[in-house]
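If you use our numbering, the sequence shown corresponds to residues 18 to 136, in order.
Glycine included, every Cβ here is placed at the ideal spot set by N, Cα and C.
Nothing here was measured: the structure is a model prediction, and the numbers come from that model.
Following: one structure in structure tokens, then a few remarks.
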Amino acid sequence: MTVMNNMLDQSQSRYSKAEIDAARNAFVRNERNKQVHLLTVMPMDEALAILQTSPDNFVKELLDELKEHGHHHHARYFASQLGLSKNQLSLDWLNARIALASVALIGAISGISTYILYG
């Protein structure tokens with residue numbers, strides 16, 4: 018997250034740090050569906066400033082939900098501006114599947130070994 022925060026160059030932003038912090042604090046108070054909607058109607062530079070100062074997991078979840086709601090253009094634009102690749106966005110999904118397969122494999126091995134040992 019530090020990298021993303023460092024990318025936020027105040028000289029290039031038309032918003033002050035206090036304005037961005039206030040906008041982010043107001044943004045996170047909304048429910049997730051409202052947050053997704055706000056990202057599609059607010060100025061892109063303001064939305065980007067909010068996302069740049071937000072935690073990575075929060076940003077990735079919002080980008081995934083933008084895509085689920087059919088706002089692929091917004092999701093791609095924000096991911097590109099934040100330096101996130103498509104692979105990074107789907108990495109969490111892949112890790113979850115690998116973990117699930119590992120647990121299933123360990124369970125199967127445990128069951129087989131128990132059957133062989135006590136069977």
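Suppose you measure from the CA of residue 39 to the CA of residue 63; what does that come to, to the nearest Å? Locating residue 39 in the sequence shown gives position 22, where the first residue counts as 1. Locating residue 63 in the sequence shown gives position 46, where the first residue counts as 1. The straight-line gap from Cα to Cα measures roughly 11 Å.
Cβ-Cβ distance between residue 90 and residue 53 below 7 Å: Along the sequence shown, one-based indexing puts residue 90 at 73. Along the sequence shown, one-based indexing puts residue 53 at 36. For residue 90 and residue 53, no; Cβs fall outside 7 Å.
Kindly indicate which three-state DSSP category residue 33 falls into: helix, strand or coil? Along the sequence shown, read from residue 1 onward, the residue named residue 33 stands at position 16. Shown here, residue 33 sits in coil according to DSSP, grouped into three states, outside any helix or strand.
What first and last residue would you give for the alpha helix (DSSP H) that runs through residue 97? Walking along the sequence shown from the start, residue 97 turns up at place 80. Run containing residue 97: 89–99, per the alpha helix (DSSP H) assignment.
Backbone CA spacing between residue 119 and residue 135 [nearest angstrom]: By one-based count along the sequence shown, residue 119 stands at place 102. By one-based count along the sequence shown, residue 135 stands at place 118. Distance between the alpha carbons of residue 119 and residue 135: 24 Å.
Taking the alpha helix (DSSP H) that residue 50 belongs to, which residues open and close that run? What you label residue 50 is simply residue 33 of the sequence shown in a count that begins at 1. Residues 49–58.
What do you get for residue 124, buried or exposed, if any count of 16 or more other CB atoms within 10 angstroms of its CB means buried? Within the sequence shown, the letter at position 107 stands for residue 124. With fewer than 16 other Cβ atoms within 10 Å, it is exposed.
Cα separation between residue 137 and residue 121? Beyond the ends of the chain as shown, which are 18 and 136, falls residue 137; an answer cannot be given.
Have a look at residue 42 and residue 49 and give me their C-alpha separation to the nearest angstrom. In the sequence shown, the residue the question calls residue 42 occupies position 25. In the sequence shown, the residue the question calls residue 49 occupies position 32. Their Cα atoms are separated by approximately 14 Å.
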